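**Student:** Counting in my numbering, the sequence shown runs from 72 upward without gaps.
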Amino acid sequence: MLHLNVYLAPSRSPVLSRIMRFTTDPVDAPELPKKFTFNPKEGIDNPALVISDDKEPDVHPRLCVLKREEGQGFGFYLSKDTGCRGHVVRQVEPWSSAERAGLRKGDRVLEVNEDFVDDKDHSTVVLKVQVSGLKLYLLVLSDQDYEFAVSEGRDLMSLARAYHPVEGCSRPRLCYITKEPGSGLGLSIIPIEGERGHYRLSVVGDGPAERAGVQNGDRLIWINGVRISALTYAALSKMVKKCEDHVTVLVIDSRSEESYNRMSLPIIPAFAKTHNLPYRPKTLHLTQGPQGYGFLLRQEKLRSGRIAHVLREIDPCSSAETAGMEDGELVLAVNGEQVEDAEHEGIVSKIRQSGQQVTLTTISIPDRDYYTQLGISPLLFYEDRIPKREHFPKPPPLHHEGHQNPPHPRLCVLHKEGSGFGFNLGCVQNKPGTYIGQVMTGSAGERAGLCEWDVVVEVNGQNVEEEYFDEVVRLIKEGGTPLRLLVVEGQGYEKLRNTRQTSSSGLNLHSNTVPDASQDDFV
Numbered sequence: 072m073l074h075l076n077v078y079l080a081p082s083r084s085p086v087l088s089r090i091m092r093f094t095t096d097p098v099d100a101p102e103l104p105k106k107f108t109f110n111p112k113e114g115i116d117n118p119a120l121v122i123s124d125d126k127e128p129d130v131h132p133r134l135c136v137l138k139r140e141e142g143q144g145f146g147f148y149l150s151k152d153t154g155c156r157g158h159v160v161r162q163v164e165p166w167s168s169a170e171r172a173g174l175r176k177g178d179r180v181l182e183v184n185e186d187f188v189d190d191k192d193h194s195t196v197v198l199k200v201q202v203s204g205l206k207l208y209l210l211v212l213s214d215q216d217y218e219f220a221v222s223e224g225r226d227l228m229s230l231a232r233a234y235h236p237v238e239g240c241s242r243p244r245l246c247y248i249t250k251e252p253g254s255g256l257g258l259s260i261i262p263i264e265g266e267r268g269h270y271r272l273s274v275v276g277d278g279p280a281e282r283a284g285v286q287n288g289d290r291l292i293w294i295n296g297v298r299i300s301a302l303t304y305a306a307l308s309k310m311v312k313k314c315e316d317h318v319t320v321l322v323i324d325s326r327s328e329e330s331y332n333r334m335s336l337p338i339i340p341a342f343a344k345t346h347n348l349p350y351r352p353k354t355l356h357l358t359q360g361p362q363g364y365g366f367l368l369r370q371e372k373l374r375s376g377r378i379a380h381v382l383r384e385i386d387p388c389s390s391a392e393t394a395g396m397e398d399g400e401l402v403l404a405v406n407g408e409q410v411e412d413a414e415h416e417g418i419v420s421k422i423r424q425s426g427q428q429v430t431l432t433t434i435s436i437p438d439r440d441y442y443t444q445l446g447i448s449p450l451l452f453y454e455d456r457i458p459k460r461e462h463f464p465k466p467p468p469l470h471h472e473g474h475q476n477p478p479h480p481r482l483c484v485l486h487k488e489g490s491g492f493g494f495n496l497g498c499v500q501n502k503p504g505t506y507i508g509q510v511m512t513g514s515a516g517e518r519a520g521l522c523e524w525d526v527v528v529e530v531n532g533q534n535v536e537e538e539y540f541d542e543v544v545r546l547i548k549e550g551g552t553p554l555r556l557l558v559v560e561g562q563g564y565e566k567l568r569n570t571r572q573t574s575s576s577g578l579n580l581h582s583n584t585v586p587d588a589s590q591d592d593f594v
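(1) Mind checking who His-317 pairs with in its DSSP beta bridge?
(2) Under 8 Å, with one C-beta from each stretch per pair, do the stretch 294 to 301 and the stretch 343 to 354 reach the 3-pair mark?
(3) Could you pull out every residue in the same chain whose Cβ sits closer than 7 Å to the Cβ of Glu-384, ignoring the five residues on either side in sequence?
(4) Check whether the Cβ of Gly-550 lies closer than 7 Å to any heavy atom of the ligand ADP, and answer yes or no.
(5) Helix, strand or coil, according to DSSP, for Ile-447 in the structure here?
(6) State the Cα-Cα distance for the pair Ala-220 and Gly-504, rounded to the nearest angstrom.
(7) Where does Asn-406 land, buried or exposed, given buried means 16+ other C-beta within 10 angstroms?
(8) Could you please give the first and the last residue of the uninterrupted beta strand (DSSP E) stretch that includes Tyr-148?
(9) Quick one: does Glu-408 have its CB under 8 Å from some CB of chain D?
(10) How about Glu-560 and Cys-498: are their beta carbons less than 8 Å apart?
(11) Could you check the C-alpha separation between Cys-314 and Asp-398 for me, to the nearest Å?
(12) What did DSSP end up calling Gly-508 once you bin it into helix, strand or coil?
(13) Quick one: what does DSSP say Tyr-304 is sitting in, helix, strand or coil?
(14) Rounded to the nearest angstrom, how far is the Cβ of His-380 from that of Thr-430, given a contact under 8 Å?
(15) What are the uninterrupted segments assigned as beta strand (DSSP E) that are 3 or more residues long and contained completely in the stretch 315 to 389, given in chain order?
(16) Alpha carbon to alpha carbon, how far is Pro-252 from Pro-449? Give it in angstroms, no decimals.
(17) Does the stretch 415 to 430 touch the stretch 320 to 338, meaning 3 or more C-beta pairs lie closer than 8 Å?
(18) Pick helix, strand or coil for Tyr-453, following the three-state DSSP scheme.
(19) Looking at the unbroken alpha helix (DSSP H) that takes in Lys-199, where does it start and where does it end?
(20) What are the partner residues of Trp-293, as DSSP defines its beta bridges?
(21) Could you tell me the distance, in whole angstroms, from the CA atom of Gly-142 to the CA atom of Phe-452?
(22) Output needed for Asp-186: all residues of its chain with C-beta closer than 6 Å, excluding positions within five of it in sequence on either side, in chain order.
(23) What are the partner residues of Cys-135, as DSSP defines its beta bridges?
(24) Taking the beta carbon of Asp-99 as the centre, do at least 16 other beta carbons fall within 10 Å, making it buried, or is it exposed?
(25) On the three-state DSSP scale, how would you describe Ala-404?
(26) Taking the continuous alpha helix (DSSP H) assigned at Gly-417, which residues delimit it?
(27) Considering only their Cβ atoms, is the gap separating Val-543 from Val-527 smaller than 8 Å?
(28) Between Arg-518 and the rest of its own chain, which residues show a CB-CB distance below 6 Å, the 5 nearest in sequence each way excluded?
(29) Taking 8 Å as the threshold (C-beta atoms), are Gln-409 and Val-202 in contact?
(30) Pull up the distance between the alpha-carbon of His-479 and that of Tyr-506, whole angstroms please.
(31) When we look at the beta-carbon of Glu-328 and count the other beta-carbons within 10 Å, is it buried (16 or more) or exposed?
(32) Between which two residues does the beta strand (DSSP E) harbouring Val-71 extend?
(33) Looking at the secondary structure, which residues open and close the beta strand (DSSP E) in which Leu-431 lies?
(34) Apart from the five residues on each side of it in sequence, which residues of its chain come closer than 8 Å, Cβ to Cβ, to Asp-324?
(35) Taking the beta carbon of Asp-190 as the centre, do at least 16 other beta carbons fall within 10 Å, making it buried, or is it exposed?
(36) Could you tell me the alpha carbon to alpha carbon distance between Val-275 and Tyr-331, rounded to whole angstroms?
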């Protein structure tokens, strides 16, 4: 048989490409007519014409393994654009760990350390990257593949899972086991014959280990922060006996262990699901009062030798006390950004720049010592999404007649961040005046107190009520940081203009209603 295959390159257009295969048999072939006529009743005998639809064009996730040195970054910027889906790699620094790992500008992140993050809040994804340690595993799609998959309605989670080909493969488990009188930990450690440094676990039914998430036959990978592959059975037994009232183990079932090994993936806490971990950071949402937030932040050296940022002198009845702050707690993050290793002055500055509201993530010293022993960040498994805080200021109280107090101009001071000031500026086409179209969650604009539909009165002290959109954008871009915006709540702007010709600072408040946005520009 002589086969001649002709392939048309697959296309991503809605029109499906075709594959045509022509097969001729030179042996005992009947005389062919000069003109081939297709009879649907008889079918196609020779030559054979087979027409079939192409399979759906594939999109190919890539696994990028980033390694960094202590005190260094991974070398890329991650952003999430308003109105666009996904977490986008915006810049990859030359010669960085990210570039060496194959990360490219425009890539969309599907997984961080095997955790699907496409549908997660951006601040949560950034935090996962920051606390991943010296190694980071990113499953990404190119910008083109991502847009195609979304346009075709593909399930991105299933797409990411398909990258891990073994069905039934489970993630490792990090389990906290508490000793009980009479039964101890409720498990036995058994060496695997012929495999040095490999151990399996046998658990007592309904014992402490099983209730903590350990399953019979699990492979023991790690105990109290120490990998056991280099330990002898005698050394491992001695370590377990020294444990006082609890132990933390990293385990995985045998089938999943084989899958991880085939994919050349390490079995580490960053990939794990947690069971029964007793110590968790907490989130405090504070609103500034007349006397500030009501706490003092100090830099102190702990008994362990670690330099930490400690909360002290909590004022009675203050915002800090009301939020649940306790003396001696350590600050881990400010507004969702990890700050544990940051300079003290930088942390103080971040809190001050937050405006009238700030979100702190804290942990007690004993709880932090637990994670220090394990060698992992307490934020590694912190899934408490930092919620969007209420816009500042809150709506003024109502008079007994049912009407609100007259609105007043507000001065919002914004400090530019990596993603900009974090708001959209809107205007009415061909008319002067601008307003705040949208404020990004967790951005400098939100922390400074900007609200949607606020009318912009001043930019860095210059009145812009009668300026057109392009001029206001120019003033904002050229004004640098900090940016000072004098704004008025949109619904009350017309009322304020009618009742006050001039504000206390000498600013003229002229006409401008706030209709639907017809032009937006991200600042």
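Cβ atoms here follow ideal geometry from the backbone N, Cα and C, with glycine treated the same way. Fair warning: this is a prediction, and the values are worked out from it, not measured in the lab.
**Tutor:** According to the data block:
(1) Along the sequence shown, read from residue 1 onward, the residue named residue 317 stands at position 246. Checking the DSSP bridge columns, you'll see His-317 partnered with Thr-249.
(2) no
(3) Taking the sequence shown and counting its residues from 1, one reaches residue 384 at position 313. Result list for Glu-384: Phe-366 and Leu-367, in chain order.
(4) Questions concerning the ligand ADP fall outside what the structure shown contains, since it holds no ligand whatsoever.
(5) In the sequence shown, the residue the question calls residue 447 occupies position 376. In the structure shown, Ile-447 sits in coil (DSSP, three-state: anything other than H, G, I, E or B).
(6) Indexing the sequence shown from 1 puts residue 220 at position 149. Indexing the sequence shown from 1 puts residue 504 at position 433. Each residue's alpha carbon lies about 40 Å from the other.
(7) Start at 1 with the first residue of the sequence shown, and residue 406 comes out as number 335. The residue is buried, with at least 16 neighbouring Cβ atoms inside 10 Å.
(8) Indexing the sequence shown from 1 puts residue 148 at position 77. Residues 147 to 150.
(9) Among the protein chains of the structure shown there is no chain D, as only one such chain exists.
(10) Here the question's residue 560 lines up with position 489 in the sequence shown. Here the question's residue 498 lines up with position 427 in the sequence shown. In this structure, Cys-498 does not lie closer than 8 Å to Glu-560 by Cβ.
(11) Counted from its first residue, the sequence shown places residue 314 at position 243. Counted from its first residue, the sequence shown places residue 398 at position 327. Taking the straight line joining both Cα atoms gives about 30 Å.
(12) The count along the sequence shown starts at 1 and reaches residue 508 at position 437. Here Gly-508 sits in strand by DSSP.
(13) Within the sequence shown, numbered from 1, the residue matching residue 304 stands at position 233. DSSP places Tyr-304 in helix when its eight states are reduced to three.
(14) Start at 1 with the first residue of the sequence shown, and residue 380 comes out as number 309. Start at 1 with the first residue of the sequence shown, and residue 430 comes out as number 359. At roughly 15 Å, the Cβ-Cβ gap does not stay under 8 Å, so His-380 and Thr-430 are not in contact.
(15) 317 to 323, 344 to 346, 353 to 358, 367 to 372 and 378 to 383
(16) Mapped onto the sequence shown, residue 449 falls at position 378. Mapped onto the sequence shown, residue 252 falls at position 181. If I take the Cα positions, the gap works out to 29 Å.
(17) The stretch 320 to 338 vs the stretch 415 to 430: no contact.
(18) Numbered from 1 along the sequence shown, position 382 holds the residue referred to as residue 453. Correct three-state label for Tyr-453: coil.
(19) Counting from one through the sequence shown, the residue named residue 199 turns up at place 128. Segment 193 to 201, the alpha helix (DSSP H) holding Lys-199.
(20) Translated into positions along the sequence shown, residue 293 becomes position 222. According to DSSP, Trp-293 bridges with Arg-298 and Leu-321.
(21) By one-based count along the sequence shown, residue 142 stands at place 71. By one-based count along the sequence shown, residue 452 stands at place 381. Distance between the alpha carbons of Gly-142 and Phe-452 is about 21 Å.
(22) Locating residue 186 in the sequence shown gives position 115, where the first residue counts as 1. Closer than 6 Å at the Cβ level, and outside the excluded window around Asp-186, lies no residue.
(23) Taking the sequence shown and counting its residues from 1, the one referred to as residue 135 is at position 64. Cys-135 is bridged to Leu-209.
(24) Residue mapping note: residue 99 aligns to position 28 of the sequence shown, counting from 1. With a pLDDT of only 48 at Asp-99, under 50, the local geometry of the prediction cannot be trusted, and the value read off the model is given with reservation. Exposed is the call here.
(25) For the purposes of this step, residue 404 is taken as the residue at position 333 of the sequence shown. Strand, per DSSP.
(26) As a working mapping, residue 417 is identified with position 346 in the sequence shown. According to the DSSP assignment, Gly-417 belongs to the alpha helix (DSSP H) that extends over 415 to 424.
(27) Here residue 527 is taken as the residue at index 456 of the sequence shown, counted from 1. Here residue 543 is taken as the residue at index 472 of the sequence shown, counted from 1. Contact: yes.
(28) Position 447 of the sequence shown, counted from the start, is the residue given in the question as residue 518. If we look at Arg-518 and ignore the five residues flanking it on each side, its Cβ neighbours are Ser-425 and Gly-426.
(29) As a first step, residue 202 must be located in the sequence shown, where it is residue number 131. As a first step, residue 409 must be located in the sequence shown, where it is residue number 338. Taking 8 Å as the Cβ cut-off, Val-202 and Gln-409 qualify as a contacting pair.
(30) Counting from 1 along the sequence shown, the entry for residue 479 is found at position 408. Counting from 1 along the sequence shown, the entry for residue 506 is found at position 435. Between His-479 and Tyr-506, the C-alpha separation is close to 16 Å.
(31) Start at 1 with the first residue of the sequence shown, and residue 328 comes out as number 257. So Glu-328 counts as buried.
(32) With the chain covering 72 to 594 only, the question about residue 71 has no answer from this structure.
(33) Residue mapping note: residue 431 aligns to position 360 of the sequence shown, counting from 1. Residues 428 to 434.
(34) Numbered from its first residue, the sequence shown carries residue 324 at position 253. Once the five neighbours on either side are set aside, the close Cβ partners of Asp-324 are Ser-241, Gln-286, Gly-288, Asp-289 and Arg-290.
(35) Numbered from its first residue, the sequence shown carries residue 190 at position 119. Result: exposed.
(36) Your numbering for residue 275 matches position 204 in the sequence shown. Your numbering for residue 331 matches position 260 in the sequence shown. Those two C-alpha atoms are separated by around 27 Å.
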